[in-house]
Amino acid sequence: MTEAMETKAMETEAITIVLPVYGRPALLAQALASVLAQSDPGWRLLIADDHSPEETAAWLQAWRSGPAADRPVTHRRHDRNRGLFANLNAALAEVSTPWVLLLCSDDLLEANAVADLRRRRQEQPTAELVLSTFDSIAADGSPRPQESAHYHDLVSRHTALLPPERFVPQLLRLGSLNGNLTGMAFTVALWRRVGPFREDWRHAADWEWLARAAAAGPVLLNRTPIAAVRTHGAQLSDANRRSGHELPEVAAVVAGLRRHRLLAAEPRRHRWAARLMQFQLWNLGKRLLAGDRQGVGRDLAAIDRAAGLARTALVLLAWLPERWRRYRRGGSARLTSVSPSTLSSS
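In case it helps, this note's numbering puts the sequence shown at residues 1364 to 1709.
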């Protein structure tokens, strides 16, 4: 094999880890260390810096000339802040390898992540999208309840290749399943074929894109955890919930799935939609109690379009005992962690 052929083969096997960045240098250091610690060297790293503050930009420059000096790392910094999903699309547009793996800057890759994905790709060459179970950790890195494992168990307890007609309904039955970008791996060809992430959305664009991508071909549900996803107070999802951006986007995804061609014959779709939207109605109620009435009419209309306001309210009432049990077990913070659809990208 010539040197040119070897280089091409390496590029075909390699995977680009795309890491969108905005601030958080302390957590970012841990994310980057987890990339350098990969047991399989077949990776490239693209750091997509969405015009972070100068402190983070300077830290990244020092890191690139230090621990990552001889590693395949590219750093792109926008001249203005574009938002998470616009930043992600811009990064994906310049990836040169066939496959990408997404990693948020406050999360960690397991040391076997690249190696495991290589094995999965070889075992299932028809799959263009791999959704992997992840471990959940708290702000300090300590273990948390394994939310993604719980919901993945409800789909398949073992690694499985799931056709669209089996996987897409799960996105309405169970929500976004991962609720996070970290650990999602797919081909650049798939991203181009189904279209980019919605750049006008802040919260649920990953869920909306996943629904489009899953309808285009089989999804490999990988039950080996390849990442650890951190829950902490500075998450973008928490800000989206407080600002009211979460509800209309979640409602739009739920409405689209309830009317999806792959759920047309599913009699439970209306109940599933109401179950997801009752979490949004609960959060809206908490906003009202806090004195925030901005956009209430818009949000109630969105809930009605997604699942029916009366049906959603009835499901919410039926859930009150369970909500109370969760509160007694884990405190008020767990009241909004009962469905992956209430989570979002870090």
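Glycine is no exception: its CB is placed at the ideal position from the N, C-alpha and C atoms.
Please read these numbers as outputs of a predicted model, since none were measured by experiment.
Which value, in whole angstroms, describes the spacing of the CA atoms of residue i and residue j?
i: residue 1666; j: residue 1647; result: 10 Å
i: residue 1547; j: residue 1576; result: 12 Å
i: residue 1386; j: residue 1401; result: 24 Å
i: residue 1499; j: residue 1388; result: 20 Å
i: residue 1565; j: residue 1489; result: 31 Å
i: residue 1650; j: residue 1511; result: 27 Å
i: residue 1430; j: residue 1382; result: 17 Å
i: residue 1473; j: residue 1672; result: 42 Å
i: residue 1526; j: residue 1432; result: 42 Å
i: residue 1390; j: residue 1623; result: 39 Å
i: residue 1453; j: residue 1509; result: 32 Å
i: residue 1621; j: residue 1692; result: 32 Å
i: residue 1559; j: residue 1541; result: 19 Å
i: residue 1506; j: residue 1394; result: 16 Å
i: residue 1710; j: residue 1655; result: Outside the displayed span of the chain (1364 to 1709) sits residue 1710, for which this structure offers no information.
i: residue 1572; j: residue 1680; result: 31 Å
i: residue 1628; j: residue 1470; result: 39 Å
i: residue 1517; j: residue 1631; result: 16 Å
i: residue 1595; j: residue 1415; result: 19 Å
i: residue 1522; j: residue 1657; result: 44 Å
i: residue 1481; j: residue 1407; result: 14 Å
i: residue 1421; j: residue 1448; result: 23 Å
i: residue 1464; j: residue 1534; result: 21 Å
i: residue 1397; j: residue 1674; result: 45 Å
i: residue 1536; j: residue 1555; result: 27 Å
i: residue 1370; j: residue 1405; result: Residue confidence is low: residue 1370 scores 46 on pLDDT, short of 50, so the model does not pin down where it sits. Its coordinate-derived value is still stated next. Approximately 12 Å between the Cα atoms of the pair.
i: residue 1592; j: residue 1586; result: 15 Å
i: residue 1710; j: residue 1497; result: Residue 1710 is absent from the structure shown; the chain starts at 1364 and stops at 1709.
i: residue 1568; j: residue 1618; result: 14 Å
i: residue 1435; j: residue 1529; result: 38 Å
i: residue 1551; j: residue 1457; result: 10 Å
i: residue 1403; j: residue 1570; result: 29 Å
i: residue 1411; j: residue 1685; result: 41 Å
i: residue 1608; j: residue 1451; result: 19 Å
Label residue i either buried or exposed according to how many other C-beta atoms from any shown protein chain fall within 10 Å of its C-beta, with 16 as the threshold for buried.
i: residue 1514; result: buried
i: residue 1690; result: exposed
i: residue 1476; result: buried
i: residue 1428; result: exposed
i: residue 1641; result: buried
i: residue 1503; result: exposed
i: residue 1460; result: buried
i: residue 1538; result: buried
i: residue 1687; result: exposed
i: residue 1532; result: buried
i: residue 1443; result: exposed
i: residue 1683; result: exposed
i: residue 1659; result: exposed
i: residue 1664; result: exposed
i: residue 1520; result: exposed
i: residue 1372; result: Per-residue confidence for residue 1372 stands at a pLDDT of 46, beneath the threshold of 50, marking its modelled position as unreliable; the derived number appears in the next sentence. With fewer than 16 other Cβ atoms within 10 Å, it is exposed.
i: residue 1501; result: exposed
Beta strand (DSSP E) containing residue i: first to last residue?
i: residue 1378; result: 1378-1384
i: residue 1517; result: Careful: residue 1517 lies outside any beta strand (DSSP E) and carries neither H nor E.
i: residue 1584; result: 1582-1585
i: residue 1592; result: 1590-1593
i: residue 1411; result: 1406-1412
i: residue 1759; result: This structure does not reach residue 1759, given that the chain is present from 1364 up to 1709, and the question cannot be answered.
Along the chain, where does the alpha helix (DSSP H) that runs through residue i open and close?
i: residue 1633; result: 1632-1652
i: residue 1419; result: 1417-1428
i: residue 1667; result: 1659-1670
i: residue 1569; result: 1568-1578
i: residue 1394; result: 1388-1399
i: residue 1436; result: Where residue 1436 is concerned, there is no enclosing alpha helix (DSSP H), although the beta strand (DSSP E) it sits in stretches over 1436-1440.
i: residue 1532; result: Careful: residue 1532 lies outside any alpha helix (DSSP H) and carries neither H nor E.
i: residue 1629; result: Run containing residue 1629: none; DSSP gives neither H nor E here.
i: residue 1562; result: Premise fails: residue 1562 is in no alpha helix (DSSP H) and is neither H nor E.
i: residue 1542; result: Residue 1542 -> no alpha helix (DSSP H), and no H or E assigned at all.
i: residue 1621; result: 1609-1621
So residue i and residue j are in contact, right, with Cβ under 8 Å, and what is the actual spacing, rounded?
i: residue 1738; j: residue 1676; result: This structure cannot speak to residue 1738, because the chain is shown only from 1364 to 1709.
i: residue 1614; j: residue 1578; result: About 20 Å; that fails the 8 Å criterion.
i: residue 1413; j: residue 1441; result: 6 Å
i: residue 1493; j: residue 1583; result: 5 Å
i: residue 1495; j: residue 1589; result: 5 Å
i: residue 1446; j: residue 1562; result: 6 Å
i: residue 1610; j: residue 1662; result: 5 Å
i: residue 1467; j: residue 1544; result: 6 Å
i: residue 1487; j: residue 1524; result: 5 Å
Does the beta carbon of residue i come closer than 8 Å to any beta carbon on chain B?
i: residue 1516; result: You won't find chain B in this structure, because it holds only one protein chain.
Inside the region 1451-1513 only - alpha helix (DSSP H) runs reaching at least 4 residues: 1476-1486
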